[in-house]
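Written below as structure tokens is the structure these notes are about.
Residue numbers (this note's numbering), protein chains in the order written: chain A, 56 to 168; chain B, 35 to 144.
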């Protein structure tokens, strides 16, 4: 158990819809990272928050947004969903802004029908 | 920006044999991390290398950081079925964010 909690585990929705994925980091970790992993693909970095502020941005679409709340949990919002958005979305957390190891949650599997 | 190449993309190994996977960066790195993702699982941190030429061992796994700090390797000896999974390197250059390589998917033939 990594200590990172992601909900929901599975999400099935239709094109054009909007969903919110939630992540609770390990206790004491200040950074939260979001990654997208399509079937049998690598990890595509989306965005990082550190102590409530956006720290780094990757290949995140304009239809996607995220935030980190004062209690350090984070949400990833995906809107105007397309079939190609079907993927496993991982959240990871680390104690600092980027040099320390990342601890991954079990992921949310998003299926767009 | 920083480019990361991990080779090979796929590695089919006979149980009991050794293999090596390589990670190459276009820029000099401050450190590099390695992760393993089992099929159906999430990436799990294995190790971090910081010093030039550093070598670290974890049982049958040997991790090495290049002298120029632009590449790294993971060598597994006497491969077992428990080694199945995808191994990701995650190099970090100073001032940059951590970047995950494309991974080496390891399949073990019993």
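Note that the Cβ used here is the ideal one computed from N, Cα and C, for glycine as well.
Query	Result
Assumed close pair residue 94 of chain B, residue 111 of chain B - CB separation to whole angstroms, cut-off 8 Å	5 Å
Separation of residue 137 of chain B from residue 71 of chain B, as counted between CA atoms	9 Å
Residue(s) in a DSSP beta bridge with residue 135 of chain B	Answer is none; residue 135 of chain B lacks a bridge partner.
Contact set for residue 153 of chain A: own chain, Cβ-Cβ below 6 Å, skip 5 residues either direction	none
Cutoff 8 Å: residue 108 of chain B Cβ touching any chain A Cβ	no
Residue 105 of chain B and residue 58 of chain B closer than 8 Å at C-beta	yes
Alpha carbon of residue 59 of chain A to alpha carbon of residue 161 of chain A, nearest angstrom	8 Å
Continuous beta strand (DSSP E) assignments of at least 3 residues falling wholly in the segment 38 to 84 of chain B	38 to 41, 44 to 48, 53 to 59, 65 to 71 and 78 to 83
Cβ of residue 126 of chain A within 8 Å of any chain B Cβ	no
Assumed close pair residue 92 of chain A, residue 143 of chain A - CB separation to whole angstroms, cut-off 8 Å	5 Å
Beta strand (DSSP E) segment containing residue 164 of chain A, residue limits	163 to 167
Counterpart residues of residue 119 of chain B in DSSP-defined beta bridges	B:140
DSSP beta-bridge partners of residue 125 of chain B	B:66
Interface positions of the segment 134 to 156 of chain A facing chain B (Cβ-Cβ less than 7 Å), listed along the chain	145, 153, 154 and 156
Residue 130 of chain A: first and last residue of the uninterrupted beta strand (DSSP E) it sits in	129 to 133
Residue 94 of chain A, DSSP secondary structure in three states	coil
Three-state secondary structure assigned by DSSP to residue 95 of chain B	strand
Listed by chain order, chain A residues near residue 122 of chain B by CB distance under 9 Å	97 and 98
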